[in-house]
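Numbering (full-length UniProt numbering), first residue to last: 1 to 686.
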């Protein structure tokens, strides 16, 4: 239908190409426009269809295309495309079922993307909840204890609608005397209401264990058997059908949220055990010279970490050296996988030398005796001289030496002084010799600790490569590492498998091969469970880590004209934040409005071309599809980088431009906003 409207019109496909080309990535060359025009010579050729194909290949969104048609003033084409857009309402954040203490408030959230003007309506069972017409609903738990209420949200745009999934809210009394009906999640943090119970089953029965907790933020769960995580067991209930003796053992549940963690009591599950199998230690029957005797073999120790901590650094935008593409994708992919293994992860992009040193210093504060691992991943430029590896910061001069870089061996020595249980270095960088540097740094003697693992992305005096996949680039190392990282294997065995996989890639054979150096004597794995030695030590580490991960709270700005603007935040990395603005309420006599960010502090790395964009994709970040899932639709998005450079609280201006019905000129109002020190800025790396 668009082809029919635009192929032969005065305001046709050429005008659309001109307006779409305002964004550099959508600009068509003269050769491409000529290719489109020649389509008229084909029996069923269409210049418009050819143009739309070119825009689609560059990830142009329907919303951006609709904006171009609106600027053309082509009302008929706008109606055609609007109807197509309105058919797509997609729920990106579903409401979650929760267990809460009697007398507290609970919040349910449902976010959707789609056409402009989405409306929400919450239901309790089949009844509409009066006034619950926003994406978030707060409930007072006056419900009778033990009777769950079921909630669902309907998202509308005109006659088009879709429903969220059901969520139930279970109200319970705490069995603990310390938590009466006045329980406040913000002060207690996390509390287990129902503990799992031991049981004895026959083979073929169903195992059912339950652990219920309340907290703010809502708790998450991970079940363990014999102190090893049970794969996929991340719900309050653990159910295993048709059990065998393989499922018997000691079970416990780790309950955690952003700031706290607790462990349930450990319970024994016995399955089909015969009376003779009562010994706690296995016996081995031996015979020699006709005499039989039994030898008691001690049980192998279960290895556990007191905590798991990772620092991920990716340097891309160098001031005096070749720009890199892969670190943003690699750091994000690795961080997501380490989160699944219960690591506390700090991920940072584009650091100068002082910032890298301060980030390492803060990382060391998270380490303590037995912590697993101190895991440091670095992606960027690097070199190796005299057996020492150096990470190159983004501000290194063109002829840099060790004076301008960070020495990996110095970091290792500092980590050893913290008595960590396992030190892992994953260095995704070149290891060519630096001919500008002939200084041999005096690092000092390393301790003999039998707990060090080095995984180099390439061999000595060789380069590390990026692998382009469309608009995304991955380092060769992480491309293969992420296939194996979640495996329950000794870390050195895991890296050996990565090396074998890398050897199958034809394009880098003979150029890049993973090198593993290790003195690890025990079977340490990234999947090993966490057993904190004491609540005080664990809470202190949790608090230090959480400082770098706290976003400003979403807020609403009320302007004199009656317009209300929502200001929201999302994190891409520990030092990169997305700010979005959207108008949520406006008087009927105001027909056009837009809320934009201005006056962002100059010390931050903010590209003005990456501010106030109509879609997340227009910010130019390959990770937009990930973080935008939690953002509402119909917003203007801005990407704020380099938060570690912030010297004071982040302040900016929200500029509202609006137009009254029947008027041509826009009116402007402004509000100054201060949001504190978000994410990594709280750690004062300056």
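Using N, Cα and C, we set each Cβ at its ideal position, and we do this for glycine too.
Residue i, DSSP secondary structure in three states
i           : result
residue 32  : helix
residue 166 : coil
residue 615 : coil
residue 339 : helix
residue 215 : strand
residue 558 : strand
residue 284 : Confidence at residue 284 is low in this model, with a pLDDT of 41, below 50, so its placement is unreliable and the value that follows should be read with caution. Strand.
residue 345 : strand
residue 706 : Nothing can be reported for residue 706: it is not among the residues displayed for the chain, which extend from 1 to 686.
residue 625 : helix
residue 247 : helix
residue 17  : helix
residue 523 : coil
residue 24  : helix
residue 493 : helix
residue 530 : strand
residue 683 : helix
residue 498 : helix
residue 518 : strand
residue 553 : coil
residue 222 : strand
residue 199 : strand
residue 193 : strand
residue 442 : coil
residue 689 : Only positions 1 to 686 of the chain appear in the structure, and residue 689 is not among them; the question remains open.
residue 600 : coil
Residue environment, residue i, which counts as buried when at least 16 other CB atoms sit within 10 Å
i           : result
residue 8   : exposed
residue 244 : exposed
residue 663 : exposed
residue 165 : exposed
residue 665 : exposed
residue 684 : exposed
residue 305 : buried
residue 362 : buried
residue 522 : exposed
residue 307 : buried
residue 645 : buried
residue 57  : exposed
residue 374 : buried
residue 252 : buried
residue 439 : exposed
Test item: CB-CB of residue i and residue j under 9 Å
i           : j           : result
residue 93  : residue 111 : yes
residue 80  : residue 1   : yes
residue 475 : residue 460 : no
residue 89  : residue 118 : yes
residue 656 : residue 584 : no
residue 43  : residue 13  : no
residue 350 : residue 478 : no
residue 548 : residue 627 : no
residue 520 : residue 451 : yes
residue 418 : residue 367 : yes
residue 647 : residue 603 : yes
residue 45  : residue 38  : yes
residue 598 : residue 639 : no
residue 422 : residue 455 : no
residue 234 : residue 220 : yes
residue 237 : residue 213 : no
residue 352 : residue 393 : yes
residue 485 : residue 526 : yes
residue 649 : residue 675 : yes
residue 324 : residue 316 : yes
residue 632 : residue 264 : no
residue 574 : residue 643 : yes
Bridge-paired residues (DSSP) for residue i
i           : result
residue 210 : 237
residue 593 : 658
residue 692 : Residue 692 is absent from the structure shown; the chain starts at 1 and stops at 686.
residue 268 : 250
residue 580 : 568, 637
residue 465 : In DSSP, residue 465 forms no bridge with anything.
residue 205 : According to DSSP, which records beta bridges pairwise, residue 205 is partnered with nothing at all.
Cβ of residue i within 9 Å of any chain B Cβ
i           : result
residue 565 : No chain B is part of this structure, which consists of one protein chain only.
query: Of all the beta strand (DSSP E) runs that stay within the bounds of the UniProt domain "Ig-like" (89 to 164), which reach a length of 3 or more residues?
result: 90 to 93, 98 to 101, 105 to 109, 111 to 113, 119 to 124, 136 to 140, 149 to 157, 160 to 163
field: Minimum length 4: unbroken alpha helix (DSSP H) runs contained in the UniProt domain "Caspase family p20" (306 to 434)
entry: 327 to 340, 353 to 365, 408 to 417
task: List in chain order: all unbroken alpha helix (DSSP H) runs of 4+ residues lying wholly within the region 45 to 84.
output: 47 to 57, 62 to 72
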